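J.: Residue numbers (full-length UniProt numbering): 1 to 186.
Dropping the structure here:
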């Protein structure tokens, strides 16, 4: 009678290489989807890849002005309805108390980030800056946020008056609660 053959450890094909191959394919697929690799001429994790309805902030000038990139265009944007203290002396304006703090705050929130711009009646000012209400990706209304935290004051100029009442109310509250620039002695 023939003995039945009992498999031993040398007879069984190890399945470990199969798991390694599947793991490698899965890892490579996830790596491709994560945007960590260049495909064609576009880098998938490129921070300048357009987001529908958003522009990319390239440089903050001060607490109420920054540069954005929209496609290949560089555009200077001035926030509507607010005025942040100046960070330096200019021909007609003096460096203001809390100017640097305001700029640093806006830089931390927006520089090298995506923002959405909302325009009002007048699209540009006399310096050809685009006039806009600014929204962060989390929905924060930046113009209002800056006034509410004392990094800027309400400064509405017709015809762009859409949020004038909101800015005035936020400024009054910030002043009463001595937030930001309202905390100093004048």
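We treat Cβ as the ideally placed atom computed from N, Cα and C, and that holds for glycine. These figures come from a predicted structure and were not determined experimentally.
Out of curiosity, what's the CA-to-CA distance linking residue 102 and residue 168?
T.: The residue labelled residue 102 in the question sits at position 102 within the chain shown. The residue labelled residue 168 in the question sits at position 168 within the chain shown. Spanning the two alpha carbons is a distance of roughly 18 angstroms.
J.: So, are the CB atoms of residue 69 and residue 60 less than 8 angstroms apart?
T.: Here the question's residue 69 lines up with position 69 in the chain shown. Here the question's residue 60 lines up with position 60 in the chain shown. Going by C-beta atoms, residue 69 is not nearer than 8 angstroms to residue 60.
J.: For residue 82, which of 162, 72 and 177 has the nearest alpha-carbon?
T.: What you label residue 82 is simply residue 82 of the chain shown in a count that begins at 1. The candidate whose alpha carbon is nearest that of residue 82 is 162.
J.: Rounded to the nearest angstrom, what separates residue 138 and residue 116 at their Cα positions?
T.: Your numbering for residue 138 matches position 138 in the chain shown. Your numbering for residue 116 matches position 116 in the chain shown. So the two alpha carbons sit approximately 10 angstroms from each other.
J.: What would DSSP say about residue 105, mapped onto helix, strand or coil?
T.: Residue 105 sits at position 105 when you count from the first residue of the chain shown. Looking at residue 105 - three-state DSSP - the assignment turns out to be helix.
J.: Could you tell me which residues DSSP puts in a beta bridge with residue 177?
T.: For the purposes of this step, residue 177 is taken as the residue at position 177 of the chain shown. Beta-bridge pairing links residue 177 to no other residue.
J.: Between which two residues does the alpha helix (DSSP H) harbouring residue 144 extend?
T.: Within the chain shown, residue 144 is the residue found at index 144, counting from 1. Run containing residue 144: 142-148, per the alpha helix (DSSP H) assignment.
J.: Run through the DSSP bridge pairs and tell me what residue 77 is partnered with.
T.: On the chain shown, position 77 is the one that residue 77 refers to. Its beta-bridge partners are 66 and 130.
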